[in-house]
Amino acid sequence: MLTNALSRSCLLTLALLVSVLLRQVDGRLPDDKTASKMVMPEPEDAITGRSTKMVVSPTHDVSSNPTVPPFPGGMQLAMFGMGCFWGAERRFWKLPGVFSTQVGYANGYTPNPTYEEVCTGGTGHNEVVRVVYNPDQISYADLLQVFWEGHNPTQGMRQGRSLGTQYRSGIYYYDRKQRQEAIQTKEAYGEKLRNNGYEKISTEILSVSEFYYAEDYHQQYLHKNPEGYCGLGGTGVSCPRGLGDKMKSEL
């Protein structure tokens, strides 16, 4: 326990130093609260949560397709964290072959968290978008390309002006094939980023955990609020094309 406490103290100190260096991002000097939001909590310290599940509209506000299971046969799922989920969801719902999208919280510790709880950094969750897609019309490799090019995957526990563990870059795979494609594209895109002067990719690639729906007003937020905030911005470096065919031949 003492070792864990010392390790967390060191991480908090490091996070504070990082946020000092990034203070020009929002024009304010960081404090301990800001620094703590950039460090994952220990499971035993996470917010308790609740058993009551979030209730959302069963119909997608853009496509009118279902947002809750069961989804039509043949559909597959993908899940990504790439900063604020408002803009992330919009990037995917526009793609031909995407049947439905939902935003929520995943890969943390707190059951059925609220947005306010996630924003404290005390749940360990990431803001994610779940994508329901038709693999006959769009491939997982195509989704990965949108993911990599749609944000900056080298920024650790932040994305642009958005600071905190809930804004980390993440790919959450549903099967072995998705995992392999995620790793291979990470390696290929990481090389291109390094060649363009960027740091090492910080994206986590993990098995998908339980998906908790975000509050209904977050669903398709930028469709309901076209002038709403979207802090996503890519690096301007394109993801190598042709990876999809290469990976299919290797699987």
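Mapping of the sequence shown onto mature numbering (1 follows the signal peptide of the UniProt record, and there is no 0): residues -27 to -1, 1 to 224, in sequence order. The C-beta atom is built at its ideal place from N, Cα and C for all residues, glycine as well.
Going by CA-CA distance only, name the one from the options that's closest to residue i.
i           : options               : result
residue 210 : 184, 119, 130 and 178 : 119
residue 52  : 103, 189, 176 and 161 : 103
residue 244 : 204, 166 and 147      : Residue 244 cannot be examined here, being either before or after the span of the chain that is shown, -27 to 224.
residue 23  : 111, 169 and 96       : 96
residue 139 : 165, 88 and 107       : 88
residue 61  : 212, 168 and 192      : 192
residue 19  : 170, 203, 98 and 68   : 98
residue 101 : 167, 170, 142 and 133 : 142
residue 35  : 194, 205 and 204      : 194
residue 70  : 108, 186 and 188      : 108
residue 7   : 133, 94 and 168       : 94
Classify residue i as helix, strand or coil using the three-state DSSP reduction.
i           : result
residue 187 : coil
residue 200 : coil
residue 205 : coil
residue 211 : coil
residue 1   : At residue 1 the pLDDT is 45, less than 50, meaning the model places this residue with poor confidence; the figure from the coordinates comes in the next sentence. It is coil, neither helix nor strand.
residue 84  : coil
residue 7   : helix
residue 16  : helix
residue 228 : In the structure displayed, the chain extends from -27 to 224; residue 228 sits before or after that span and is not available.
residue 150 : helix
So if DSSP puts residue i in a beta bridge, which residue, or which two residues, is it bridged to?
i           : result
residue 168 : Looking at the DSSP assignment, residue 168 forms no beta bridge with any residue, so it has no partner.
residue 145 : 52 and 179
residue 77  : 101 and 186
residue 157 : According to DSSP, residue 157 bridges with nothing at all.
residue 71  : 106
residue 131 : 136
residue 21  : Paired residue(s): none; residue 21 is not in a bridge.
residue 126 : DSSP output for residue 126 lists no bridge partner at all.
residue 96  : Answer by DSSP bridge pairing: none, since residue 96 is not bridged.
residue 32  : 39
When the Cα atoms are used, what is the spatial distance from residue i to residue j?
i           : j           : result
residue 113 : residue 151 : 7 angstroms
residue 154 : residue 122 : 16 angstroms
residue 76  : residue 196 : 13 angstroms
residue 54  : residue 180 : 13 angstroms
residue 83  : residue 38  : 29 angstroms
residue 64  : residue 162 : 19 angstroms
residue 9   : residue 28  : 30 angstroms
residue 174 : residue 190 : 32 angstroms
residue 49  : residue 116 : 12 angstroms
residue 130 : residue 199 : 27 angstroms
residue 14  : residue 21  : 12 angstroms
residue 43  : residue 92  : 30 angstroms
residue 66  : residue 74  : 6 angstroms
residue 12  : residue 137 : 8 angstroms
residue 72  : residue 30  : 16 angstroms
residue 205 : residue 183 : 25 angstroms
residue 208 : residue 157 : 19 angstroms
Residue i lies in the alpha helix (DSSP H); which residues open and close that run?
i           : result
residue 89  : 88 to 92
residue 139 : Counting along the chain, residue 139 falls outside any alpha helix (DSSP H), and DSSP gives it neither H nor E.
residue 60  : 58 to 66
residue 119 : 113 to 122
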